[in-house]
Amino acid sequence: MIPAPFDYVAAESAAHALDLLENFGDDAKLLAGGHSLLPMMKLRLAAPAVLIDIGRLAELTGIRADGDELVIGAATPHAALAASDLIRAEAPLLAHSAAQVGDPQIRHRGTIGGSLAHADPAADLPMALVALGGSVDVLGQGGTRNVPAEDFFAGYFETVLEPGELIAAARVPRRPGAAWGYQKFVRRANDWAIVGAAAMDGRIALANMGPVPLRARAAEQALAGGANPAEAAELAADGTEPGEDVHASRAYREHLARVLTRRALEHRT
Ligand SMILES: Cc1cc2nc3c(=O)[nH]c(=O)nc-3n(C[C@H](O)[C@H](O)[C@H](O)COP(=O)(O)OP(=O)(O)OC[C@H]3O[C@@H](n4cnc5c(N)ncnc54)[C@H](O)[C@@H]3O)c2cc1C
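Sequential numbering from 133 applies to the sequence shown in this note's numbering.
Listed below in structure tokens is the structure:
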């Protein structure tokens, strides 16, 4: 549980972090809250020679309104999302999902940018961002590009981030008063989802039902066609490709997707 030796550099700005990424190339990794990267380094699943710390950059931290969207800086910790009056009022599904991540220590250190970049299909915030129809601001030497959340995740623990790019912010639509539901099935408190389901505005996203957070499109189409939540939820596992592990078989995950989707649709807040 001891990581391989590494150097540490605290970036002074996002531009500085990009320069450092360019200089160190594949040898470097960005460090935000460290709550996914450091465990991987301790297990020697990752052995970067240099860590570039962006976790303290004020320009990547904070929550603000921008027209009809809320913009959340990549280095904003989960606890700040959960406690934000703005997020709670205008994107409550996101505040709720941030409050479901791990335990208080993880929520105070872990960041939304780190969670999105890590791209664990069982994670809370990627599913929430897909359910909300959000997007990701990606910063590179050539400027910023905006990627819809659904297109951002490319596979198990993989995103469309190119070498030398970083996440600057996440964006979600401002939807005060919109009904939403969120369900997460865990073995123990603080765990990642065995399966998760998040619903808002006729959109349904699932966690851990495939390599990336997925839309339950067949269930969405049924809802749009007039099906009730129970009827629509029966289709929630259609088109998914859940894995099997010690916690759940594929069939059990499919069952959970149907049950959790029904609950997310029926128990909307
Ligand atoms: C015990 C435990 C329980 C947990 N439970 C849950 C849970 O229930 N639900 C859940 O969703 N998560 C859970 N997590 C994960 C937690 O949310 C992490 O904080 C999060 O996944 C990573 O965020 P971070 O800021 O710590 O990122 P780091 O660990 O610092 O970085 C993670 C990865 O993202 C990259 N990165 C970081 N920031 C950026 C950026 N701005 N741009 C590009 N790349 C970047 C890093 O280079 C690294 O590859 C848990 C973690 C632990 C240790």
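The C-beta atom is built at its ideal place from N, Cα and C for all residues, glycine as well.
D283 lies in the alpha helix (DSSP H); which residues open and close that run? Here residue 283 is taken as the residue at index 151 of the sequence shown, counted from 1. Unbroken alpha helix (DSSP H) run through D283: A281 to F284.
Run the CB neighbour count on G334, radius 10 Å, all protein chains shown included, and call it buried at 16 or more, exposed below. Translated into positions along the sequence shown, residue 334 becomes position 202. Exposed is the call here.
Spatial distance of A231 from R239 (CA atoms): To locate residue 231, count along the sequence shown from 1; it is residue 99. To locate residue 239, count along the sequence shown from 1; it is residue 107. So the two alpha carbons sit approximately 7 Å from each other.
Is any non-hydrogen atom of ligand 1 found closer than 8 Å to the C-beta of S145, if you look at the structure I gave you? On the sequence shown, residue 145 is found 13 positions in, with the first residue counted as 1. No, the beta carbon of S145 sits no closer than 8 Å to any heavy atom of ligand 1.
Counting Cβ pairs closer than 8 Å, one from the segment 188-208 and one from the segment 287-297, do we hit at least three? The answer is no - the segment 287-297 does not touch the segment 188-208, with fewer than three Cβ pairs under 8 Å.
Give the DSSP bridge partners of I336, in chain order. Position 204 of the sequence shown, counted from the first residue, corresponds to residue 336. Beta bridge pairing from DSSP links I336 with A331.
Excluding the 5 residues preceding and the 5 following A365 in the sequence, name in chain order all residues of the same chain whose CB lies nearer than 7 Å to its CB. Translated into positions along the sequence shown, residue 365 becomes position 233. Counting only Cβ-Cβ distances below 7 Å, and skipping sequence neighbours, we find A351, R390, T393, R394 and L397.
Would you say the beta carbon of Q273 comes nearer than 8 Å to a heavy atom of ligand 3? Among the ligands in the structure shown, ligand 3 does not appear; only ligand 1 can be found there.
For the candidate residues D151, A146, D159 and L150, whose alpha-carbon lies nearest to that of D139? Locating residue 139 in the sequence shown gives position 7, counting from the first residue. Nearest to D139 by C-alpha distance, out of D151, A146, D159 and L150, is D159.
Take A325 and list the residues in its own chain whose beta-carbon comes closer than 6 Å to its own, dropping the five residues that flank it on each side. Residue mapping note: residue 325 aligns to position 193 of the sequence shown, counting from 1. Cβ within range, chain order: A254, K316, A339 and N340.
Under 9 Å between the Cβ atoms of I299 and L264? As a working mapping, residue 299 is identified with position 167 in the sequence shown. As a working mapping, residue 264 is identified with position 132 in the sequence shown. Going by C-beta atoms, I299 is not nearer than 9 Å to L264.
Same chain only: Cβ atoms within 6 Å of G234, ignoring 5 sequence neighbours per side: Taking the first residue of the sequence shown as position 1, residue 234 is located at position 102. Once the five neighbours on either side are set aside, the close Cβ partners of G234 are N322.
Is the beta carbon of R306 sitting closer than 9 Å to the one on A215? As a position in the sequence shown, residue 306 is number 174, starting the count at 1. As a position in the sequence shown, residue 215 is number 83, starting the count at 1. It is not a contact, given that the beta carbons lie outside the stated cut-off.
Tell me whether R306 sits in a helix, a strand or coil according to DSSP, three-state version. Indexing the sequence shown from 1 puts residue 306 at position 174. Three-state result, R306: coil.
Note down the Cα distance separating E373 from A329, rounded to an integer number of angstroms. Here the question's residue 373 lines up with position 241 in the sequence shown. Here the question's residue 329 lines up with position 197 in the sequence shown. Straight-line Cα distance between these residues: approximately 15 Å.
Buried or exposed, going by whether 16 or more other CB atoms sit within 10 Å of the CB of A190? Translated into the one-based positions of the sequence shown, residue 190 becomes position 58. It is exposed - the Cβ of A190 has fewer than 16 other Cβ atoms within 10 Å.
Shorter than 8 Å, the distance from the beta carbon of P171 to the closest heavy atom of ligand 1, or not? Position 39 of the sequence shown holds residue 171. Result yes, Cβ under 8 Å from ligand 1.
Take S229 as the anchor and find which of D252, R382 and P258 has the nearest alpha-carbon. Start at 1 with the first residue of the sequence shown, and residue 229 comes out as number 97. The option with the nearest alpha carbon to S229 is P258.
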